[in-house]
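J.: Below are the structure tokens for one structure; questions will follow.
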Amino acid sequence: MTTAEYLAERRRIIDRVLEENLPAAETQPTSIHEAMRYAVLGGGKRIRPILAIAAAEACGADYEPLLKYFAALELIHTYSLVHDDLPALDNDDYRRGRKTTHVVFGEALAILTGDALLTEAFSWLSRPTGDPGRQLRAIVEVATAIDSTGMIGGQVADLEGSGAAGFSPPAGGLKAAAPLERLEFIHRNKTGKLLTASVILGGLLGNATDAQLDALRRFGRAIGLAFQIVDDLLDQEQTSEQLGKTAGKDAAQGKLTYPGLIGTAAARTRVDELLAEASENAAIIGGPVNYLAPIGRYVCERRS
């Protein structure tokens, strides 16, 4: 199976799990459930749950019983996008080629939709599974990746860096750090930590050994940073139609980006270095079916 075929098949599987397990649109109150389904089922690459599947497969596990746990990652990712698009943050009108949730359903309902998706995700993650100890470790891993020292912390640092929404960071700390150091902090936390938690979730629920978990963590950290550097590059290289969201917003908002700080060529070189690191660790994991390195290459070479 080619990488493209693998990604397409796994995406169809995740789409089915999301469709079947999200509350029906007719569930009362219908407004919130319609908005949740609109936000989640409107497309997306499903990279995070696919990475979890690939990690479990590489560790020799049957991923089918684990799909709902892995699909919860997409709920968390979508919640972050719904909130990120709000007028108080990035103020974006388009996501995944469609009107953003707050544009369609209103700002108040969009805030509650994000809240509901995050809560729903942990409901899915906490359903009893075969090994309570490993499941608890997995839940802690995901929760820590998105807390105030993880994804949320990265989002705050991103806002402070752009001066958006009246944010004025205190002297010292990140404000005193060199721009590239601040940018790496933002990327590793805002984007990278959830991607890393995705492969660790797959490994923990897929009975990975400690050595495999260590390699998965290194793989995830490399791919997580590479993913966001590629996003920086695409934001300046692609059109809004190609991206499915507003292009050029990072520069317009004065945000730090890799090409802005070190140039396009150097940013591409950094992506290549991270891909090599990820591929090396994917090989350490081994496994009968291991698509981690090809997925890493897809992440680094994608055009949207």
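Numbers 877 to 1180, taken from this note's numbering, label the letters of the sequence shown in order. No residue lacks a Cβ here, since even glycine has one placed at the ideal position from N, Cα and C.
Considering M912, what are the terminal residues of the alpha helix (DSSP H) in which it resides?
T.: Unbroken alpha helix (DSSP H) run through M912: 906-916.
J.: Can you give the Cα-Cα distance for P1004 and I1161, rounded to whole angstroms?
T.: The straight-line gap from Cα to Cα measures roughly 27 Å.
J.: Since I believe A1021 is in contact with K1069 (beta carbons under 8 Å), could you give me their beta-carbon distance rounded to a whole number of angstroms?
T.: Their Cβ separation, rounded to whole angstroms, is 4 Å, which keeps K1069 and A1021 in contact under 8 Å.
J.: Considering only residues of the same chain and omitting the five flanking positions on each side of L1150, which have a CB-CB separation below 8 Å?
T.: Closer than 8 Å at the Cβ level, and outside the excluded window around L1150, lie A1098, I1099, L1101, A1102, I1105, C1176.
J.: Can you give the Cα-Cα distance for T1025 and S956, rounded to whole angstroms?
T.: One C-alpha to the other measures close to 15 Å.
J.: Compute the Euclidean distance between the alpha carbons of R1094 and P905, then round it to the nearest angstrom.
T.: Distance between the alpha carbons of R1094 and P905 is about 43 Å.
J.: Tell me whether Y945 sits in a helix, a strand or coil according to DSSP, three-state version.
T.: The answer is helix: DSSP assigns Y945 an H, G or I state.
J.: On the three-state DSSP scale, how would you describe R1178?
T.: Of the three classes helix, strand and coil, the one that applies to R1178 here is coil, per DSSP.
J.: Pull up the distance between the alpha-carbon of A964 and that of E996, whole angstroms please.
T.: Using only the alpha carbons, I get a separation of about 24 Å.
J.: With DSSP as the reference, label Y970 as helix, strand or coil.
T.: In this structure, Y970 counts as strand in the three-state DSSP scheme.
J.: Thinking C-beta only, is A934 closer than 8 Å to L1168?
T.: Contact flag set, yes.
J.: How big is the Cα-Cα spacing for T954 and P1164?
T.: If I take the Cα positions, the gap works out to 31 Å.
J.: At a cut of 8 Å, does the stretch 1054-1065 reach the stretch 1077-1095 through at least three beta carbon pairs?
T.: Output reads no: the stretch 1077-1095 does not touch the stretch 1054-1065.
J.: In the structure shown, what three-state DSSP assignment does K975 receive?
T.: The answer is strand: DSSP assigns K975 an E or B state.
J.: Are L883 and L917 close, meaning C-beta to C-beta below 8 Å?
T.: Contact: no.
J.: Taking the alpha carbon of F1061 as the point to measure from, which residue in Q1011, L1109, A992, L1132 has its own alpha carbon closest?
T.: The residue with the shortest Cα to Cα distance from F1061 is L1132.
J.: Less than 6 Å between C-beta atoms, sequence neighbours within five positions excluded: which residues of the same chain meet that for G1030?
T.: Closer than 6 Å at the Cβ level, and outside the excluded window around G1030, lie I1062, N1065, K1066.
J.: T1005 lies in the alpha helix (DSSP H); which residues open and close that run?
T.: From DSSP, T1005 is part of no alpha helix (DSSP H); its letter is neither H nor E.
J.: What first and last residue would you give for the alpha helix (DSSP H) that runs through D1086?
T.: Where D1086 is concerned, the enclosing alpha helix (DSSP H) stretches over 1086-1113.
J.: If you pair each beta-carbon of the stretch 983-1000 with each one of the stretch 928-942, do three or more pairs fall below 8 Å?
T.: As far as the Cβ criterion goes, the stretch 983-1000 does not touch the stretch 928-942, which means the pair count is below three.
J.: Compute the beta-carbon to beta-carbon distance between L1109 and A1143, rounded to the nearest angstrom, for a pair I have assumed lies under 8 Å.
T.: Contact holds; Cβ gap of about 6 Å.
J.: Could you pull out every residue in the same chain whose Cβ sits closer than 6 Å to the Cβ of P925, ignoring the five residues on either side in sequence?
T.: If we look at P925 and ignore the five residues flanking it on each side, its Cβ neighbours are I890, F946, A947, L949, E950.
J.: Return the chain-ordered list of same chain residues with a C-beta closer than 7 Å to the C-beta of I929, the five sequence neighbours on each side being excluded.
T.: Cβ within range, chain order: R886, Y939, F946, G1078.
J.: If you draw a straight line from the C-alpha of D1148 to the C-alpha of L1137, how long is it?
T.: D1148 and L1137: Cα-Cα distance of roughly 17 Å.
J.: Between which two residues does the alpha helix (DSSP H) carrying A997 extend?
T.: Residues 983-1001.
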